[in-house]
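Student: Below is the structure I would like to discuss, written out as structure tokens.
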Amino acid sequence: MGNDRTPLRRDVLVMGAGALAGFALPGLAAGQELTPTPQCDAGGAPTVAQTEGPFFKPKSPRMSDLRTSGLSGVTVTLTGFVLTRACRPVPNALVDLWHADANGDYDNKGFRGRGHQFTDEQGRYRFVTIIPARYPGRTRHYHVKVQAANGPILTTQLYFPGEPGNSRDPIFRRELLMRIAENAAGRDARFDFVLAQS
1 MGNDRTPLRR
11 DVLVMGAGAL
21 AGFALPGLAA
31 GQELTPTPQC
41 DAGGAPTVAQ
51 TEGPFFKPKS
61 PRMSDLRTSG
71 LSGVTVTLTG
81 FVLTRACRPV
91 PNALVDLWHA
101 DANGDYDNKG
111 FRGRGHQFTD
121 EQGRYRFVTI
131 IPARYPGRTR
141 HYHVKVQAAN
151 GPILTTQLYF
161 PGEPGNSRDP
171 IFRRELLMRI
181 AENAAGRDAR
191 FDFVLAQS
């Protein structure tokens, strides 16, 4: 499912008018709220699955600020929702994120650039990390695993819009582009995951 569509009124109502009221993420301008979910309904397509690649490492630490693991680079605040195909939030879903560092390297000995967390009652997640570097054969991307409690695991990747490497990366999928905006500290990125089963 693409994440650049404008939400329809009925979709916002499904989420519940009060679910998003007053929720502001740190790092956003005063009064700026996490925008409502994009269009999705009972017939909506789930988020596309992709390969986990060779660098997945289980048992990542539970943390939302991956910079505390020693990463340096341009800061990205990645936020969004985990939703059902009916646009209902999925609370307590596991979201596991890992990526290369600013040199295009993965930490395979420790957990630099790796972390997980669980969504809140409204299905929201938030990571603070960096923009990963490209490396041979791959455009910039994040790897993600998402799992509702006792549900199947969605393994996928997220991509940066406007990257020249996107068109040359054989794994790249347009529907996995994040929405990116600049802020004073770096970038805000947004992606909402829709689970096939939850």
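Reminder that position 6 of the sequence shown reads as 6 in the UniProt record's numbering, one-by-one numbering, no gaps. Quick reminder that beta carbons are idealized off the backbone N, C-alpha and C, glycines included. Owing to the predicted nature of the structure, the values given are computational and were not obtained by experimental measurement.
What is the rounded straight-line gap between the Cα of residue 76 and the Cα of residue 64?
Tutor: So the two alpha carbons sit approximately 12 angstroms from each other.
Student: Which class does residue 66 belong to by DSSP, given the choice of helix, strand or coil?
Tutor: It is helical.
Student: Judging by CA-CA distance, which residue of 137, 176, 162, 126 is the nearest neighbour of residue 155?
Tutor: That would be 176, whose Cα lies nearest to the Cα of residue 155.
Student: Looking at C-alpha atoms only, which residue of 160, 93, 119, 125 is the closest neighbour of residue 99?
Tutor: When each option's Cα is compared against that of residue 99, the closest is 160.
Student: Measuring straight from C-alpha to C-alpha, what distance separates residue 117 and residue 111?
Tutor: Each residue's alpha carbon lies about 14 angstroms from the other.
Student: Do you know whose CA, among 113, 164, 144, 119, lies nearest residue 137's CA?
Tutor: For residue 137, the nearest C-alpha among the options comes from 164.
Student: Helix, strand or coil: which one does DSSP assign to residue 182?
Tutor: If DSSP states are grouped into helix, strand and coil, residue 182 belongs with the strands.
Student: Check whether the stretch 67 to 86 touches the stretch 189 to 197, taking contact to mean three or more Cβ pairs, one atom from each stretch, closer than 8 angstroms.
Tutor: The stretch 67 to 86, when compared against the stretch 189 to 197, does touch it at the 8 angstroms Cβ threshold.
Student: Identify, in the order they occur along the chain, each residue of the same chain with its Cβ nearer than 7 angstroms to the Cβ of residue 74, setting aside the five sequence neighbours on each side.
Tutor: For residue 74, where only same-chain residues beyond five positions count, the Cβ hits under 7 angstroms are 130, 131, 186, 187.
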